[in-house]
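Numbering (this note's numbering), first residue to last: 315 to 881. Ideal Cβ positions, reconstructed from N, Cα and C, are used throughout, including at glycine. Because the structure is a prediction, the values reported are computed rather than measured. Report on one structure; see the data block that follows.
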């Protein structure tokens, strides 16, 4: 058996001191040695699987070797099997098949292969998982495993009673959308045409058209995956499911269906609950914004609201700030209708009205008696829940939540419309962070554009960010490039505004005991005097820095931009 200790030392992934700090019994057992070093953060997943394969004397193939290899198709083994196990056949001989796999030894993989392909003898070598996935992808492209091909194949086999093609198509639709960076997937009928669409950077694009017969069967497969009974298609249904993207990765998906009355069927939306892997620093917030929110999050009581429309990233921002704000010895709890993402250092609860666990009972029984420091309440929708959330800010805890509103100032008006008393708004609300997400220009194919005199005048009429003659902004390339999947955009960036509810903002909003009709404008003017920058200011800064373009700003600020141009 290969001495992996010598290999690790030669590779310089661990030091002699690291190894000597471990018990001798651990050093002598490859499995426990690899496990111990992995737990201490010394080994990546790829390194763990490589050393395990070496310990059991499996030959190795490098990523460079795999780049020259295209997998083979053999009887009983399809692409889905290869993706699920991150393994594929790479050499065929007389009665022999050589496999490459990322996880060795693997008894389950071996038994599945033998069950599906008994005729041949199967041997194995190891290679990095990413290299195997790339090889499978090359095979798919060469053999026409596009979504269009899979749809045609599924349609041809509808009357055979073989469900494998529908299962394979459905899995590939989900896999393609997720791997290409989609946030959600929509399978429905628009203008009497069944189609499958995915949302990339906030914009819907058609992945593939579906014949009605295939469409119905794909819906059926998705219902089965989500555990929804077929006869319930006439009712809106919500659920959650786990999808195996590959043998080493699973993803969580939110499921929602909508009845289509005229078509006597339903449409389905799948939202990928992919965690934001960056920090608030990479989200797009300026350092000034982060400092202001840090100040709010250090408060001992009151309410902080993250505001914006659906898809604006407000929930992601709230979770990132909770993660950033956590301090040792602090207790954080959360209540959500459905938990979207597991948060470290937060005790999370999911509402269940069937057993009486609602926001009201959460506040009465958990917040009041559980003595938390910080309470996170998922999006508040109803007037009752809005009032309860604002009331909770007066219980000696810091409450963080999200709300649908266009900007930070209109959030205050939204609270008033939902029955929150003005005194409570000005007393309990500590701050409102409103935001939007703009598409980032592709850094490789964006097109430079020097401002014309008229454009320069219009931008400076906004009286926010100063532009100078000769300044260059950028436009998106309508043809795109391979880096951005030919869209001209890649990723999104936040534009935000932070309204801190200071006492000086609310001194002049009263006429006697009533609010002035223009109280929102008064708060807006006073906050700007105190140095608050609005979302448009941040957006213009991103335009000046070449991160986004004016067309993206026009989607949200068309009125302000038209006024500046005198239209």
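The alpha-carbon of residue 585 is positioned some 15 Å away from that of residue 484. Here residue 647 is near residue 661, since their CB atoms are less than 8 Å apart. The straight-line gap separating the alpha-carbon atoms of residue 877 and residue 762 is approximately 25 Å. Within the model, the alpha-carbon separation for residue 616 versus residue 396 is close to 53 Å.
By a beta-carbon distance limit of 8 Å, residue 644 does not contact residue 681. Their separation comes to about 15 Å. Residues of the same chain with a CB within less than 7 Å of the CB of residue 734, apart from the 5 flanking positions on each side, are 700, 701 and 704 in chain order. Burial is judged here by how many other beta carbons sit within 10 angstroms of a residue's own beta carbon; residue 749 has at least 16 and is buried. Ranking 548, 594 and 599 by CA distance to the CA of residue 574 puts 548 first.
When the alpha-carbon of residue 848 is set against those of 870, 837, 810 and 498, the nearest one is in 810. In the structure shown, residue 383 adopts coil according to DSSP, grouped into three states. Collapsing the DSSP output to three states places residue 809 in a strand.
Taking the Cα positions, residue 504 is about 44 Å away from residue 441. The distance from the Cβ of residue 412 to that of residue 448 is about 18 Å, inconsistent with a contact at the 8 Å cut-off.
As for any beta strand (DSSP E) of minimum length 3 sitting wholly inside the region 536-561, the runs are 551-560, ordered along the chain. In this structure, DSSP gives residue 344 a helical state, which the three-state scheme calls helix. Contact annotation: residue 352 and residue 341 have beta-carbon atoms that are not nearer than 8 Å. Taking a contact as a CB-CB distance under 8 Å, the pair residue 858 and residue 787 counts as one, their CB atoms being some 7 Å apart.
Between residue 752 and residue 866 the beta-carbon gap is near 4 Å, inside 8 Å, which marks them as a contact.
Per DSSP, the continuous alpha helix (DSSP H) segment holding residue 609 begins and ends at 601-611.
Just measuring C-alpha positions, the residue of 346, 317, 343 and 356 sitting nearest residue 331 is 356. Listed in chain order, the alpha helix (DSSP H) elements of length 4 or more contained wholly in the region 725-810 are 736-742 and 767-775. DSSP links residue 513 through a beta bridge to 498 and 518. Excluding five sequence positions before and after residue 785, the CB atoms of its chain that fall closer than 6 Å to its own CB belong to 765, given in chain order. Around residue 774, the same chain offers 780 and 781 as residues with beta carbons nearer than 8 Å, after the five sequence neighbours per side are excluded. Sequence-distant Cβ neighbours of residue 634 in its own chain, meaning closer than 7 Å and more than five residues away, are 590, 593, 594 and 597. For residue 628, the enclosing alpha helix (DSSP H) covers residues 628-639. Rounded to whole angstroms, residue 719 and residue 813 show a C-alpha spacing of 13 Å. Residue pairing by DSSP places residue 876 in no beta bridge whatsoever.
Distance from the Cα of residue 500 is smallest, within the candidate group 510, 603, 493 and 348, for 510. Burial state of residue 823 is buried, judged by a 10 Å Cβ sphere holding 16 or more other Cβ atoms.
Counted as a single uninterrupted DSSP element, the beta strand (DSSP E) harbouring residue 647 occupies residues 646-650. Taking residue 638 as the centre and dropping the five residues before and after it, the same chain places the C-beta of 594 closer than 6 Å to its C-beta, in chain order. With respect to the 8 Å criterion, residue 778 and residue 872 are not classified as neighbours on the basis of their beta carbons. Only residues of its own chain outside the window of five on either side were considered, and among them 649, 703 and 715 have a CB closer than 6 Å to the CB of residue 691, listed in chain order. With respect to the 8 Å criterion, residue 318 and residue 368 are classified as neighbours on the basis of their beta carbons. Residue 507 sits in a strand when the DSSP states are folded into three classes.
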